[in-house]
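What follows is a single structure, written as C-alpha coordinates, with notes after it.
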Amino acid sequence: MKARIGKTVDQLEVGESAYFAKTMTNTDMLMFAGVTGDVNLLPIHDEFAKKSIFKQRIAHGMLTASFITNIIGMRLPGYGSTVKRQSVRFTNPVFIGDTIEIGLTITATDIENNTADFTVNATNQDGKEIMVGNGVLIPPTPIDEEE
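Residue numbers (our numbering): 76 to 222.
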(Lines of atoms letter the chains of each structure in order from A and count residues from 1; the text may use other names and numbers.)
(Lines give C-alpha, C1' and ligand atoms only; values in the text may rest on other atoms or scores of the structure.)
Protein backbone atom coordinates (compact mmCIF):
# COMPACT_ATOMS: atom_id res chain seq x y z
CA MET A 1 0.00 0.00 0.00
CA LYS A 2 1.27 3.50 -0.74
CA ALA A 3 1.70 5.98 2.09
CA ARG A 4 -0.43 9.13 1.86
CA ILE A 5 1.74 11.81 0.30
CA GLY A 6 1.39 15.17 -1.40
CA LYS A 7 2.06 15.91 -5.04
CA THR A 8 5.30 14.59 -6.48
CA VAL A 9 7.51 16.86 -8.58
CA ASP A 10 6.07 15.53 -11.84
CA GLN A 11 2.54 16.33 -10.60
CA LEU A 12 3.30 19.96 -9.76
CA GLU A 13 2.39 22.64 -12.28
CA VAL A 14 4.11 25.98 -12.74
CA GLY A 15 1.63 28.66 -11.64
CA GLU A 16 -0.12 26.37 -9.15
CA SER A 17 -0.83 28.15 -5.86
CA ALA A 18 -2.00 27.43 -2.32
CA TYR A 19 -2.88 29.67 0.61
CA PHE A 20 -2.89 29.72 4.40
CA ALA A 21 -4.66 32.28 6.60
CA LYS A 22 -4.10 32.87 10.30
CA THR A 23 -5.15 35.47 12.85
CA MET A 24 -2.15 36.33 15.02
CA THR A 25 -2.82 35.89 18.74
CA ASN A 26 -1.00 36.72 21.93
CA THR A 27 -0.72 32.98 22.58
CA ASP A 28 0.97 32.43 19.19
CA MET A 29 3.57 35.06 19.98
CA LEU A 30 4.27 33.83 23.51
CA MET A 31 4.50 30.19 22.42
CA PHE A 32 6.92 31.12 19.63
CA ALA A 33 9.06 33.04 22.12
CA GLY A 34 9.06 30.03 24.44
CA VAL A 35 9.88 27.46 21.78
CA THR A 36 12.66 29.51 20.15
CA GLY A 37 14.00 31.22 23.26
CA ASP A 38 13.63 34.55 21.44
CA VAL A 39 12.32 36.66 24.31
CA ASN A 40 13.00 39.99 22.61
CA LEU A 41 10.75 42.47 24.43
CA LEU A 42 9.20 43.94 21.26
CA PRO A 43 6.89 40.95 20.63
CA ILE A 44 6.15 40.04 24.26
CA HIS A 45 6.15 43.16 26.47
CA ASP A 46 3.33 45.71 26.08
CA GLU A 47 4.99 48.63 27.87
CA PHE A 48 8.28 48.22 26.03
CA ALA A 49 6.52 47.93 22.66
CA LYS A 50 4.41 51.07 23.29
CA LYS A 51 7.65 53.08 23.36
CA SER A 52 8.89 51.58 20.09
CA ILE A 53 8.47 52.90 16.56
CA PHE A 54 5.54 50.46 16.19
CA LYS A 55 3.65 51.72 19.29
CA GLN A 56 2.50 48.16 20.01
CA ARG A 57 3.76 44.59 20.07
CA ILE A 58 4.70 43.02 16.75
CA ALA A 59 4.96 39.35 15.85
CA HIS A 60 8.39 37.81 15.46
CA GLY A 61 9.21 37.92 11.76
CA MET A 62 10.19 34.27 11.75
CA LEU A 63 6.84 33.34 13.29
CA THR A 64 5.17 34.83 10.24
CA ALA A 65 7.66 33.13 7.90
CA SER A 66 7.17 29.78 9.62
CA PHE A 67 3.61 29.57 8.30
CA ILE A 68 5.09 28.94 4.85
CA THR A 69 5.87 25.42 6.04
CA ASN A 70 2.16 24.89 6.69
CA ILE A 71 1.48 25.41 3.00
CA ILE A 72 4.39 23.25 1.84
CA GLY A 73 3.79 20.39 4.29
CA MET A 74 0.00 20.37 4.34
CA ARG A 75 -1.25 21.88 1.07
CA LEU A 76 1.24 22.27 -1.80
CA PRO A 77 2.90 19.92 -2.48
CA GLY A 78 1.58 18.46 0.80
CA TYR A 79 2.50 15.54 3.06
CA GLY A 80 6.09 14.40 2.75
CA SER A 81 7.42 17.74 1.47
CA THR A 82 10.09 19.93 3.04
CA VAL A 83 11.81 23.26 2.52
CA LYS A 84 15.30 23.16 1.02
CA ARG A 85 15.91 26.92 0.91
CA GLN A 86 13.79 29.92 1.82
CA SER A 87 14.43 33.67 1.69
CA VAL A 88 11.94 36.25 2.91
CA ARG A 89 11.78 40.01 3.31
CA PHE A 90 9.44 41.52 5.89
CA THR A 91 7.82 44.61 4.41
CA ASN A 92 5.42 45.59 7.20
CA PRO A 93 4.85 44.48 10.80
CA VAL A 94 2.22 41.99 11.95
CA PHE A 95 0.25 42.93 15.07
CA ILE A 96 -1.88 40.90 17.48
CA GLY A 97 -5.30 40.50 15.87
CA ASP A 98 -4.02 40.84 12.30
CA THR A 99 -5.26 38.16 9.94
CA ILE A 100 -2.52 37.27 7.53
CA GLU A 101 -2.89 35.37 4.29
CA ILE A 102 0.16 33.73 2.78
CA GLY A 103 0.16 32.61 -0.83
CA LEU A 104 2.72 30.26 -2.32
CA THR A 105 3.12 29.79 -6.08
CA ILE A 106 5.20 27.18 -7.89
CA THR A 107 7.50 28.96 -10.37
CA ALA A 108 9.62 26.07 -11.71
CA THR A 109 10.09 22.34 -11.33
CA ASP A 110 13.23 20.23 -11.68
CA ILE A 111 12.31 16.58 -12.09
CA GLU A 112 15.94 15.42 -12.23
CA ASN A 113 16.75 16.96 -8.82
CA ASN A 114 13.25 16.47 -7.34
CA THR A 115 12.85 20.15 -6.43
CA ALA A 116 10.46 22.99 -7.15
CA ASP A 117 11.03 26.73 -6.93
CA PHE A 118 8.38 28.91 -5.33
CA THR A 119 7.50 32.51 -4.55
CA VAL A 120 5.58 33.63 -1.52
CA ASN A 121 3.54 36.75 -0.82
CA ALA A 122 1.73 37.58 2.41
CA THR A 123 -0.79 40.31 3.17
CA ASN A 124 -2.80 41.40 6.18
CA GLN A 125 -6.57 41.82 6.44
CA ASP A 126 -6.32 45.25 4.77
CA GLY A 127 -4.45 43.84 1.77
CA LYS A 128 -1.20 45.43 2.92
CA GLU A 129 1.88 43.41 1.98
CA ILE A 130 3.73 42.08 5.03
CA MET A 131 6.18 39.59 3.54
CA VAL A 132 7.58 38.50 0.17
CA GLY A 133 10.02 35.77 -0.62
CA ASN A 134 11.08 32.76 -2.60
CA GLY A 135 12.65 29.40 -2.13
CA VAL A 136 13.13 25.83 -3.16
CA LEU A 137 11.14 22.90 -1.83
CA ILE A 138 11.55 19.16 -2.01
CA PRO A 139 8.31 17.38 -2.90
CA PRO A 140 7.64 13.87 -1.64
CA THR A 141 8.66 10.75 -3.48
CA PRO A 142 6.32 7.76 -3.58
CA ILE A 143 6.92 5.45 -0.64
CA ASP A 144 5.90 1.80 -0.43
CA GLU A 145 4.53 0.98 2.99
CA GLU A 146 4.06 -2.57 4.23
CA GLU A 147 0.68 -3.48 5.66
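C-beta atoms are modelled at their ideal positions from N, C-alpha and C, and glycine is treated no differently. These numbers were taken from a predicted model, which means no experiment stands behind them.
Who are the near neighbours of S92 in its chain, counting only those whose CB is closer than 8 Å to its CB and skipping five residues on each side?
L151, G178, L179, T180, I181
Ordered list of beta strand (DSSP E) runs contained in the segment 143-172, each at least 3 residues
157-165
Short Cβ contact (8 Å threshold) for Q161 with I175:
no
Rounded separation between F165 and N199 - CA only
12 Å
How should V84 be labelled, buried or exposed, when 16 other C-beta atoms within 10 angstroms of its C-beta is the threshold for buried?
buried
Looking at the secondary structure, which residues open and close the beta strand (DSSP E) in which I119 lies?
Segment 116-119 is the alpha helix (DSSP H) holding I119; no beta strand (DSSP E) there.
Chain-order list of residues whose beta-carbon lies under 8 Å from that of V89 (same chain, five-residue window excluded):
I181, T182, A183, T184
Compute the Euclidean distance between the alpha carbons of I171 and E187, then round it to the nearest angstrom.
43 Å
R79 to K159 span [Cα, whole Å]:
21 Å
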